[in-house]
Amino acid sequence: MEECIDIEVNNLLFRRLDSKFKKAVFEYNLLEDGDRIMIGLSGGKDSLALLELLGRRARIYYPKFQLFAIHIVMKNIPYYTDTEYLKSLCDLYNIPLVVKETSFDPTTDKRKSPCFLCSWNRRKAIFEAAKEHNCTKIALGHHQDDILHTLLMNMTFQGAFSTMPPLLEMKKFEMAIIRPLCLISEKELLELAQKRNYRKQIKECPYESDSHRAGIKRVMQELEKMNPGARHSLWGSMTNIQEEYLP
Numbered sequence: 042m043e044e045c046i047d048i049e050v051n052n053l054l055f056r057r058l059d060s061k062f063k064k065a066v067f068e069y070n071l072l073e074d075g076d077r078i079m080i081g082l083s084g085g086k087d088s089l090a091l092l093e094l095l096g097r098r099a100r101i102y103y104p105k106f107q108l109f110a111i112h113i114v115m116k117n118i119p120y121y122t123d124t125e126y127l128k129s130l131c132d133l134y135n136i137p138l139v140v141k142e143t144s145f146d147p148t149t150d151k152r153k154s155p156c157f158l159c160s161w162n163r164r165k166a167i168f169e170a171a172k173e174h175n176c177t178k179i180a181l182g183h184h185q186d187d188i189l190h191t192l193l194m195n196m197t198f199q200g201a202f203s204t205m206p207p208l209l210e211m212k213k214f215e216m217a218i219i220r221p222l223c224l225i226s227e228k229e230l231l232e233l234a235q236k237r238n239y240r241k242q243i244k245e246c247p248y249e250s251d252s253h254r255a256g257i258k259r260v261m262q263e264l265e266k267m268n269p270g271a272r273h274s275l276w277g278s279m280t281n282i283q284e285e286y287l288p
């Protein structure tokens, strides 16, 4: 498998993604010397790509940082992930893997959707593990599409011009969330997953169809039909706020 990975470094697709990864790291100052970083490893294509890109980066002399990975098992959602497979990938980069179980009760707060409650409990478990390992940062596998979809969702449902930033300082927890895949599209990650033969996890979530995200994804696809450069325009809009033309 090591040979396969070495060959993959020379692959044009991987080099392109690695270039975007490095650009995000430097542009948003995501990595610092002495960082201890907990990777949220769901087992999906995004988190597996994040594991490999960060794992490779950790081999470079500067900045020096230490990596950990955590896989959260949500006991009341049917996810079937091969944790031995995840561990084998972590072992290639000498990254310790932590596996934690948690659950949530969708009846506890009718104001919140089950998707929100599930996500909140997963995030809580990740923060707890990061604290236990004295981590300074948590790395999540959100890609550019995730960030743009969240932007559109927040504008549509929350009336707020906001999204998931590449770097979010969590002062309450004395750590930061980083999203090193922020400049990489989902399409590119799907292509990488096919070339790397990432194993798919089996997910049977009873609440997934209730999410607004699938609808926003279709809206994004329509926008790109109207303008093939729509994603770049939306991304640029977040740093091009023309306040004089706003109420």
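Residue numbers (the working numbering): 42 to 288.
By construction, the Cβ of each residue, glycine as well, lies at the ideal position given by its N, Cα and C atoms.
From a predicted model like this one, the values you see are computed outputs, not experimental measurements.
Nearest C-alpha to residue 107 among 175, 156, 213 and 277: 175. DSSP places residue 236 in the helix class (H, G or I) of the three-state scheme.
Contact between the region 232-242 and the region 137-149 is not established, with fewer than three Cβ pairs separated by less than 8 Å. Residue 214 carries a coil assignment under DSSP once its states are collapsed to helix, strand and coil. A direct Cα-to-Cα measurement between residue 189 and residue 279 gives close to 10 Å.
For the set 181, 171 and 59, the Cα lying nearest the Cα of residue 216 is the one of 171.
The C-beta distance from residue 84 to residue 127 rounds to 6 Å, short enough to fall under 8 Å. Put simply, the backbone Cα of residue 67 is about 10 Å away from that of residue 221.
When the alpha-carbon of residue 277 is set against those of 239, 185, 110 and 119, the nearest one is in 185. Put simply, of 285, 267, 193 and 82 the residue whose alpha carbon is nearest the alpha carbon of residue 129 is 82. Relative to residue 118, the option among 73, 282, 155 and 228 whose CA is nearest is 155. Fully enclosed beta strand (DSSP E) runs of no fewer than 3 residues occupy 178-180 of the region 151-184, in order along the chain. By alpha-carbon distance to residue 183, the top candidate from 104, 211 and 230 is 230.
When DSSP states are grouped into helix, strand and coil, residue 256 belongs to the helix group.
Closest by C-alpha distance to residue 65, out of 88, 76 and 94, is 94.
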